[in-house]
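Written out below as structure tokens is the structure these notes cover.
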Amino acid sequence: METRWWDSHPVPRTQTMIDLRSDLMGSRPAAVAAAMTLAALQPPAMTRMEDPYERRLSEGLADELGVEAVLLVPSCTMANQIAIRLHLPGGGLLASAPLAHVVTVEAGATALTGITARALSTENGHPAPDAVGCFLRDHPAVPALVWLENTQMLAAGSVMPAGWQADIATLCREAGRALHLDGSRLWNAAVAMKLPMSAMTAGCDTVAVSLNKAIGAPLGAILAGPGAMIDEAARWRSALGGDWRPIGAVAAAALAALDGWRDRLEADAHRTRMLAEGIVERFGEQAIHPVASNLIFLNRPAGDADAFVEALAGQGVGAITITPEIVRLAVHSGVRDRDIAPILEALSAAAARPAVAS
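Now the structure itself:
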């Protein structure tokens, strides 16, 4: 009998590399696969909130985040792009940190919205309340959206200083302007600040949160906010091709991943500190940026980052280049205490080779 392509199954991948390229590479809780399988066997649903897993996930996350409603979407990029369309339907100004994901990595998608980006002065990567106040006073008659990101990925995963979000929310409310929070790694910020997720979203009109980073869902993100706005967001999700039908297996996986998320992320934070301390001990404080969450930014000679990443891969450790002189390591649930020493040895071996000059 002829073998058809859909009859063959890929051989499970042997994980030999300690893959720190992203927290997407973390291991999934065992319950996630079981939950997906069980949900996939249930009668499918077609319309929004018809599926019981989607309802449970939406209600649970709304309670966890302290919001009225949430919408499950394929990615945090889509959640952010929908938020722009909700707040600035006719275009306007989007004020953010110059290194914000929405105007750097997501810039191509953001360009399609017709908005104009305005860079705010920052401290440790985050827009300062004074800078937001100046922006709002300087643009009183122009539709505008203030944009925060926590943690701030391109600022080495820095966490927004305590009190800043509340101050900025007050300024936006007084000026009649909306405030959006890109919380792709908000889970990590909550652990770093030792606060509930509801405290991390307070004062924001809409919030985007990844489910496939940090907590270990296999895919997905959410957009959270007022009920009427999320109803409109659902129409945008459909327009952008983001509807899932059936959605049960996706929602069930996210529900399973949420169980025990804080304990897992506290362990990630502990291992990040262990690794950072080992790097400082071997290479000195100048070798890394200040560490606030689960990301470690390594300083390399100008032009050496790509070659350093390649050398690390040869030693069995995955990393990515941020700039020609910065390399990123992302600690996640797939990293164990026993992995710290091999990572440090790989870093030493990669650093021992001649640096590539720019």
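The end of the sequence shown is residue 420 by the numbering used here, with every number in the run present. All C-beta atoms, glycine included, are put in the ideal place defined by N, C-alpha and C. Small disclaimer: the values here were computed from a predicted structure and weren't measured.
Next item on the list: Check whether the segment 368-384 touches the segment 79-94, counting contact only when three or more Cβ pairs, one atom from each stretch, lie closer than 8 Å.
Entry: yes
Notebook entry, point to check: Which residue from Arg83, Leu82 and Ala97 puts its Cα closest to that of alanine 39?
Noted result: There is simply no residue 39 to check, as the chain begins at 63 and stops at 420 in what is shown.
Next item on the list: Have a look at alanine 290 and aspartate 305 and give me their C-alpha separation to the nearest angstrom.
Entry: Translated into the one-based positions of the sequence shown, residue 290 becomes position 228. Translated into the one-based positions of the sequence shown, residue 305 becomes position 243. Cα-Cα distance, rounded: 18 Å.
Next item on the list: Could you tell me which residues DSSP puts in a beta bridge with asparagine 361?
Entry: In the sequence shown, residue 361 corresponds to position 299, counting from 1. Note: asparagine 361 sits in a beta bridge opposite Ile388.
Check: Ends of the beta strand (DSSP E) at threonine 158?
Finding: Taking the sequence shown and counting its residues from 1, the one referred to as residue 158 is at position 96. One detail in the question is off: residue 158 reads as serine in this sequence, not threonine. That run of the beta strand (DSSP E) goes 155-158.
Next item on the list: Please work out which residues of its chain come closer than 7 Å, Cβ to Cβ, to threonine 139, disregarding the five sequence neighbours upstream and downstream, and give them in chain order.
Entry: Along the sequence shown, read from residue 1 onward, the residue named residue 139 stands at position 77. Excluding residues within five positions, the ones whose Cβ falls inside 7 Å are Glu168 and Ala171.
Checklist line | Beta-bridge pairing of threonine 99 - partner residues as DSSP gives them | finding: For this step, residue 99 is matched to residue 37 along the sequence shown. Answer is none; threonine 99 lacks a bridge partner.
Margin query: Threshold first: 3 residues or longer. Then list the beta strand (DSSP E) segments lying entirely within the segment 285-362, N to C.
Written below: 357-361
Item checked: lysine 275 classed as buried or exposed, judged by whether at least 16 other C-beta atoms fall within 10 angstroms -> The sequence position of residue 275 within the sequence shown is 213, counting from 1. Result: buried.
Margin query: Check this for me: beta carbons of valine 353 and alanine 218, under 9 Å apart or not?
Written below: Stepping through the sequence shown from its first residue, residue 353 is reached at position 291. Stepping through the sequence shown from its first residue, residue 218 is reached at position 156. Yes, they are a contact pair.
Notebook entry, point to check: For isoleucine 80, which residues does DSSP report across the bridge?
Noted result: Numbered from its first residue, the sequence shown carries residue 80 at position 18. Paired residue(s): Val379.
Check: Is threonine 268 helix, strand or coil when you go by DSSP?
Finding: Here residue 268 corresponds to residue number 206 of the sequence shown, with the count starting at 1. Correct three-state label for threonine 268: strand.
Next item on the list: In angstroms with no decimal places, state the Cα-to-Cα distance between lysine 256 and tryptophan 323.
Entry: Taking the sequence shown and counting its residues from 1, the one referred to as residue 256 is at position 194. Taking the sequence shown and counting its residues from 1, the one referred to as residue 323 is at position 261. Going by the C-alpha atoms only, they are around 13 Å apart.
Checklist line | Other residues of its chain near alanine 340: CB distance less than 7 Å, five sequence neighbours each side excluded | finding: Mapped onto the sequence shown, residue 340 falls at position 278. Rather than alanine, the amino acid found at residue 340 in this sequence is glycine. Closer than 7 Å at the Cβ level, and outside the excluded window around glycine 340, lie Ile402 and Leu406.
Item checked: Cβ pair isoleucine 358, arginine 390 closer than 9 Å -> Counting from 1 along the sequence shown, the entry for residue 358 is found at position 296. Counting from 1 along the sequence shown, the entry for residue 390 is found at position 328. Yes, these two residues count as a Cβ contact at 9 Å.
Note to self: If the criterion is Cβ atoms closer than 9 Å, does the pair isoleucine 80 and alanine 331 meet it?
What the structure shows: As a working mapping, residue 80 is identified with position 18 in the sequence shown. As a working mapping, residue 331 is identified with position 269 in the sequence shown. In this structure, alanine 331 does not lie closer than 9 Å to isoleucine 80 by Cβ.
Check: Terminal residues of the continuous alpha helix (DSSP H) containing glutamate 407?
Finding: The count along the sequence shown starts at 1 and reaches residue 407 at position 345. Unbroken alpha helix (DSSP H) run through glutamate 407: 402-414.
Checklist line | Residues near leucine 133 by beta carbon distance below 7 Å, same chain, minus five either side | finding: The count along the sequence shown starts at 1 and reaches residue 133 at position 71. The answer, listed in chain order, is Ile284, Leu285, Ile292, Ala295, Ala296 and Arg299.
Next item on the list: Let me know the secondary structure DSSP gives aspartate 229 once reduced to three states.
Entry: One-based indexing of the sequence shown puts residue 229 at position 167. It is helical.
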